[in-house]
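Colleague: First, the structure itself, so that you have it in front of you.
Protein chains: 2
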Amino acid sequence: MAGDERRSQILQIAMQLFSQHGFRGTTTREIAAAAGVSEAMVFRHFATKHDLYAALLDYKACNSEFSSPRERLKKFIAADDDYGVFYNLAIGALTYHSQDQQFMRLLMFSALEGHELAEMFFERFIVDIYNFLGSYIEKRQQAGVFRQTEPRLFVRAFVGMLIHHSLNNNLWDRDRRLLDVTNEEAAKQFTEILLRGIKLENQEAESKRNES
Amino acid sequence: MAGDERRSQILQIAMQLFSQHGFRGTTTREIAAAAGVSEAMVFRHFATKHDLYAALLDYKACNSEFSSPRERLKKFIAADDDYGVFYNLAIGALTYHSQDQQFMRLLMFSALEGHELAEMFFERFIVDIYNFLGSYIEKRQQAGVFRQTEPRLFVRAFVGMLIHHSLNNNLWDRDRRLLDVTNEEAAKQFTEILLRGIKLENQEAESKRNES
DNA sequence: GTCTATAAATAGATAGAC
DNA sequence: GTCTATCTATTTATAGAC
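Residue numbers (our numbering), protein chains in the order written: chain Z, 5 to 216; chain D, 5 to 216.
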């Protein structure tokens, strides 16, 4: 097998094992065995176990289909389409989590074990989501549509529903004993809850309009 | 030091290290060193490393101040005090998570590493919460106060806000860069969002009453 | 590019003296 | 109850032949 080919094969295998057992819980021996090569081959491509892990995190961080939802939501934001913004954020996240369950485990392990992926991911995606979703909410508050409360608390609430739902589906409740719904249904209901939860009620909105 | 005393001292130290680095990431040597004794002492009290971990999980599961909120919420449930039910669930959970951050890490590691604590905890607490909160919601739906949707989706949404908020505060965003609010404020706002989100609006409730 | 063999360090666990 | 010393298996990593 050619060098690059083997390298990426080892990377794939390592990805699977690391995501399953964490860094400390995975041995280079297991990786080599699973890849069908000797340990020497693994160390030929990656000088140390840590280098292999770093390469893997880097790969995931770059090639991950989990891109910032900023672009995808642009048109809904421009149109002040509240449902569009939150529903599409939700369905995008839930779908991605379902498709790449490895990534979530990798990220959780990484966060617990204190590796850099967690921080990198946090910087690149989470901070961004809080920023742009937070400012959308702020805009809608100024338009008198959403209630006046720390916008980031609304973001926290919504992201919480999404992450926790995926964490349940992919980690604790894989057989869906607690709750068994499609991602579409979950996204729809979570969006519904959030929007009803943060919108001014009709009377409130009216009296607010009368004030000004 | 007396036998029992030493035993529980080792247990405490082990708790801290396991919660920080997981099972695989903690060595018996480190535990012994941190406890100020030889490894032989550790193995005198706990036959194997796994036994030590099991003892620790058992201890946490039994002596944990994280009790089922069922009792605590009884009176609010009986009084149909929606705000009381959800706010007190929230503040109880958030407070506990803040006080015992070890436990959350231990639980996350345990879930990822596939140890039994995760499952035990799941069985004893989570299933219970879904059951009793789910049936309260169902009761309130029948009373025409909450919207008709899978009650457990509402539970998922609310528990999601709580867990995710604590996970942020204790794991990813310890310096509160994304969001810095007190537990009381968070509990209040999450409750507000959920209740506004799942209650029938006034008009809806009225037309519903007219139907019957 | 790939392997076998092996080095060097570290892991979990035990023996036996005090 | 505690320690030192030690055993055995495993782990990361390397050397060198093909």
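Quick reminder that beta carbons are idealized off the backbone N, C-alpha and C, glycines included.
This structure is a prediction, so every number in the text was calculated from the model and none was measured.
List, in chain order, every chain D residue whose beta-carbon is nearer than 9 angstroms to that of Z/Gly40.
Modeller: Residue numbering aside, residue 40 of chain Z sits at position 36 when the first sequence is read from its first letter. The contacting residues do not exist; Z/Gly40 stays about 24 angstroms from chain D at best.
Colleague: Given Z/Phe27, which residues of its chain have a CB within under 6 angstroms of its CB, disregarding the five upstream and five downstream residues?
Modeller: Here residue 27 of chain Z refers to the residue found at position 23 of the first sequence. Taken in chain order, the residues that qualify are Tyr57 and Glu117.
Colleague: Of all the CB atoms in chain Z, is at least one closer than 7 angstroms to the CB of D/Ala115?
Modeller: Start at 1 with the first residue of the second sequence, and residue 115 of chain D comes out as number 111. True, the Cβ-Cβ gap to chain Z drops below 7 angstroms.
Colleague: Using a Cβ-Cβ cutoff of 8 angstroms, what residues of the region 130 to 149 of chain Z are near chain D? List them in chain order.
Modeller: Result list: Ile130, Val131 and Tyr134.
Colleague: Using a Cβ-Cβ cut-off of 6 angstroms (strictly less than) and excluding sequence neighbours within five positions of D/Ala97, which residues of its own chain qualify?
Modeller: Walking along the second sequence from the start, residue 97 of chain D turns up at place 93. Same-chain partners within the cutoff: Leu166.
Colleague: With a threshold of 7 angstroms on Cβ separation, who are the neighbours of D/Leu77 within its own chain once the five nearest residues in sequence on each side are excluded?
Modeller: Looking up residue 77 of chain D in the second sequence gives position 73. Cβ neighbours of D/Leu77 beyond the five flanking positions: Val89, Asn92 and Leu93.
Colleague: Which two residues bound the contiguous alpha helix (DSSP H) that contains Z/Phe194?
Modeller: For the purposes of this step, residue 194 of chain Z is taken as residue 190 along the first sequence, with counting starting at 1. Where Z/Phe194 is concerned, the enclosing alpha helix (DSSP H) stretches over Asn187 to Ile202.
Colleague: For D/Phe125, which residues in the same chain have their Cβ closer than 7 angstroms to its Cβ, ignoring the five residues on either side in sequence?
Modeller: Stepping through the second sequence from its first residue, residue 125 of chain D is reached at position 121. Closer than 7 angstroms at the Cβ level, and outside the excluded window around D/Phe125, lie Ala65 and Leu111.
Colleague: Looking at chain Z, is there any beta carbon in it that lies within less than 7 angstroms of the beta carbon of D/His169?
Modeller: Sequence index remark: in the second sequence, residue 169 of chain D carries index 165 (1-based). Closer than 7 angstroms: yes.
Colleague: DSSP on D/Phe150, reduced to helix/strand/coil?
Modeller: For the purposes of this step, residue 150 of chain D is taken as the residue at position 146 of the second sequence. In the structure shown, D/Phe150 sits in a strand (DSSP, three-state: E or B).
Colleague: Is the region 159 to 178 of chain Z touching the region 156 to 166 of chain D, taking contact as three or more C-beta pairs under 8 angstroms?
Modeller: yes
Colleague: Flag D/Gly164 as yes if its beta-carbon sits less than 7 angstroms from any beta-carbon of chain Z, otherwise no.
Modeller: As a working note, residue 164 of chain D is residue 160 in the second sequence. Cβ-Cβ to chain Z under 7 angstroms: yes for D/Gly164.
Colleague: Using CA coordinates, which residue listed in Z/Leu183, Z/Thr153 and Z/Glu215 is at the minimum distance from D/Glu189?
Modeller: Position 185 of the second sequence holds residue 189 of chain D. The shortest C-alpha to C-alpha distance from D/Glu189 to any of Z/Leu183, Z/Thr153 and Z/Glu215 is the one to Z/Thr153.
Colleague: Can you pull the chain Z residues whose beta carbon is under 7 angstroms from the beta carbon of D/Thr153, in chain order?
Modeller: As a first step, residue 153 of chain D must be located in the second sequence, where it is residue number 149. By Cβ distance, chain Z contributes Gln193.
Colleague: Contact between the region 138 to 154 of chain D and the region 133 to 147 of chain Z is defined here as three or more beta-carbon pairs at a separation below 8 angstroms; is this criterion met?
Modeller: no
Colleague: Does the beta carbon of Z/Ile95 come closer than 7 angstroms to any beta carbon on chain D?
Modeller: Here residue 95 of chain Z corresponds to residue number 91 of the first sequence, with the count starting at 1. Answer no: the Cβ-Cβ gap between Z/Ile95 and chain D never drops below 7 angstroms.
Colleague: Report the three-state DSSP secondary structure of D/His119 (helix, strand or coil).
Modeller: Here residue 119 of chain D refers to the residue found at position 115 when the second sequence is read from its first residue. Here D/His119 sits in coil by DSSP.
Colleague: Would you please verify whether the beta carbon of Z/Ile35 is less than 7 angstroms from any beta carbon of chain D?
Modeller: Here residue 35 of chain Z corresponds to residue number 31 of the first sequence, with the count starting at 1. Not a single CB atom of chain D sits nearer than 7 angstroms to the CB of Z/Ile35.
Colleague: Please say whether D/Gly201 and Z/Arg48 have beta carbons closer to each other than 7 angstroms?
Modeller: In the first sequence, the residue the question calls residue 48 of chain Z occupies position 44. In the second sequence, the residue the question calls residue 201 of chain D occupies position 197. Against a cut-off of 7 angstroms, the Cβ pair of D/Gly201 and Z/Arg48 comes out as no contact.
Colleague: Using three-state DSSP, classify Z/Met5 as helix, strand or coil.
Modeller: On the first sequence, residue 5 of chain Z is found 1 positions in, with the first residue counted as 1. Residue state, collapsed to three classes: coil.
Colleague: Taking only the alpha-carbon atoms, compute the straight-line gap between D/Arg181 and Z/Arg144 and give it to the nearest angstrom.
Modeller: One-based indexing of the second sequence puts residue 181 of chain D at position 177. One-based indexing of the first sequence puts residue 144 of chain Z at position 140. Taking the straight line joining both Cα atoms gives about 23 angstroms.
Colleague: Express the C-alpha separation of D/Glu215 and Z/Ile133 in angstroms, rounding to a whole number.
Modeller: What you label residue 133 of chain Z is simply residue 129 of the first sequence in a count that begins at 1. What you label residue 215 of chain D is simply residue 211 of the second sequence in a count that begins at 1. Roughly 43 angstroms separates the two Cα atoms.
Colleague: Measure the Cβ-Cβ separation of Z/Asn187 and Z/Thr99 and say whether it is below 7 angstroms.
Modeller: Numbered from 1 along the first sequence, position 183 holds the residue referred to as residue 187 of chain Z. Numbered from 1 along the first sequence, position 95 holds the residue referred to as residue 99 of chain Z. Going by C-beta atoms, Z/Asn187 is nearer than 7 angstroms to Z/Thr99.
Colleague: Output the distance between the C-alpha atoms of Z/His169 and D/Asp104, rounded to the nearest integer angstrom.
Modeller: Locating residue 169 of chain Z in the first sequence gives position 165, counting from the first residue. Locating residue 104 of chain D in the second sequence gives position 100, counting from the first residue. Approximately 23 angstroms between the Cα atoms of the pair.
Colleague: What does a CB cutoff of less than 6 angstroms around Z/Leu171 pick up in its chain, not counting 5 residues either side in sequence?
Modeller: Looking up residue 171 of chain Z in the first sequence gives position 167. So no residue of the chain qualifies.
Colleague: Who are the neighbours of Z/Met19 on chain D, taking C-beta pairs under 7 angstroms?
Modeller: By one-based count along the first sequence, residue 19 of chain Z stands at place 15. Here the premise fails: no neighbours, minimum Cβ distance about 15 angstroms.
Colleague: Is D/Leu121 near D/Leu61, with beta carbons less than 7 angstroms apart?
Modeller: As a first step, residue 121 of chain D is located in the second sequence; it is residue number 117 there, counting from the start. As a first step, residue 61 of chain D is located in the second sequence; it is residue number 57 there, counting from the start. Their beta carbons are under 7 angstroms apart, which means D/Leu121 touches D/Leu61 by this criterion.
Colleague: If I'm right that D/Arg156 touches Z/Leu183 with Cβ under 8 angstroms, what's the distance once you round it to whole angstroms?
Modeller: Locating residue 156 of chain D in the second sequence gives position 152, counting from the first residue. Locating residue 183 of chain Z in the first sequence gives position 179, counting from the first residue. With a Cβ gap of about 4 angstroms, D/Arg156 and Z/Leu183 count as contacting.
Colleague: Note down, in chain order, every chain D residue with its Cβ under 7 angstroms from the Cβ of Z/Met112.
Modeller: Numbered from its first residue, the first sequence carries residue 112 of chain Z at position 108. Here the neighbours are Met112 and Leu116.
Colleague: Under a CB-based cut-off of 7 angstroms, is D/Ile197 close to chain Z?
Modeller: For the purposes of this step, residue 197 of chain D is identified with residue 193 of the second sequence, where counting begins at 1. Answer yes: the Cβ-Cβ gap between D/Ile197 and chain Z drops below 7 angstroms somewhere.
Colleague: For Z/Ser23 versus Z/Arg128, is the C-beta spacing smaller than 7 angstroms?
Modeller: Here residue 23 of chain Z corresponds to residue number 19 of the first sequence, with the count starting at 1. Here residue 128 of chain Z corresponds to residue number 124 of the first sequence, with the count starting at 1. Result no, Cβ atoms of Z/Ser23 and Z/Arg128 do not sit closer than 7 angstroms.
Colleague: Could you tell me which chain D residues have their CB closer than 9 angstroms to the CB of Z/Gly26, listed as they occur along the chain?
Modeller: Numbered from 1 along the first sequence, position 22 holds the residue referred to as residue 26 of chain Z. Gly26, Arg28, Gly29, Phe113, Leu116 and Glu117, listed in chain order.
Colleague: Got a sec, what are the start and stop residues for the alpha helix (DSSP H) D/Glu69 sits in?
Modeller: Looking up residue 69 of chain D in the second sequence gives position 65. Neither: D/Glu69 is in no alpha helix (DSSP H) and is coded neither H nor E.
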